[in-house]
Amino acid sequence: MERAAATALPKDFGYEWTGITYQELKAGSIASIVFGLAMVFVFLILAAQYESWAMPFMVLLAVPLALFGAFVALLMRGMEIDVYSQIGFVMLIGLAAKNAILIVEFARRRREEGLSIVDAAMEAARLRLRPILMTAFAFILGVLPLMFSTGAGAASRQSIGTTVFGGMVAATILSLVFVPVFYAVIEQLRERGSKSEPVAEPTEPTAEPAFERLAEAAE
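So my numbering is basically just the index in the sequence shown, starting at one, shifted up by 3.
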């Protein structure tokens, strides 16, 4: 439209966008800031919860898996990225992190109980398989009506429904495979780094000069 208006309209004519298109153009530069702030807040909350800078990375690495599924779903249906799909992206950050937290939390507990890193990751994935599938498929089936909605405003509902559906399917399937791998790799690097840190040797306390003078006077 902008290219056609630049070539076809006379110089005295102009144009303005309204409705959803206006909102998309207005929020285009803000979307990346919103996504970045969402990731930062999730990282800081997880860092405070686990008291570790390494553990949040295990969770946040699951977010690109969900976004990949959302992009594939939009591409398969021939839909563009609009304001509603961007809202779905923000939702997927929390939903993908939720599934990863379930696996990482149980893996961390099993590691504290004495299991090896690989065994703890595999045990966590096995134990949390059913809860993750139950909650994920309940959410996936819940957005199916949005994907195939009709009537007024159907395009917006289809956009957000397709985004969340594709992202949740990818996050559910791929997280069960990749999150244990992320945990094992990052946990090994973290423990290897903690072991390589030099530990200060304890030194014997020395007597203060006042106590030395009292000991000499007693002799």
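For each residue, glycine too, the CB sits at the ideal point set by N, CA and C.
Check: Gly72 - DSSP class collapsed to helix/strand/coil; Outcome: helix
Check: Contact between the region 84-98 and the region 168-177 (3+ Cβ pairs under 8 Å); Outcome: yes
Check: Selected residue, minimal CA-CA separation from Arg80, among Ala158, Ser178, Ser197 and Val184; Outcome: Ala158
Check: Backbone secondary structure at Met42 - three-state DSSP; Outcome: helix
Check: Uninterrupted alpha helix (DSSP H) stretches inside the region 93-142 (no shorter than 4 residues); Outcome: 120-130
Check: For Thr165, three-class secondary structure by DSSP; Outcome: helix
Check: Burial state of Arg111, where buried means 16 or more other Cβ atoms lie within 10 Å; Outcome: buried
Check: Limits of the alpha helix (DSSP H) - the one that Leu63 falls within; Outcome: Met58 to Leu63
Check: Cβ-Cβ separation, Val62 to Leu47 (assumed contact under 8 Å), whole Å; Outcome: Rounded, the Cβ-Cβ distance is 12 Å, inconsistent with contact.
Check: Leu132 versus Ser55 - alpha carbon distance; Outcome: 25 Å
Check: Nearest-angstrom Cβ-Cβ length linking Ala65 and Ala41, presumed shorter than 8 Å; Outcome: In fact, because the Cβ distance is near 14 Å, the residues do not count as touching under 8 Å.
Check: Cα-Cα separation between Gln191 and Ser197, rounded to whole angstroms; Outcome: 10 Å
Check: Rounded distance between the beta-carbons of Ser88 and Ile163, thought under 8 Å; Outcome: 7 Å
Check: Met150, DSSP secondary structure in three states; Outcome: helix
Check: Whole-angstrom distance between Leu77 and Thr225, CA atom to CA atom; Outcome: Residue 225 lies beyond the residue range present for the chain, which begins at 4 and ends at 222; the question has no answer from this structure.
Check: Where Glu54 falls: helix, strand or coil (DSSP); Outcome: coil
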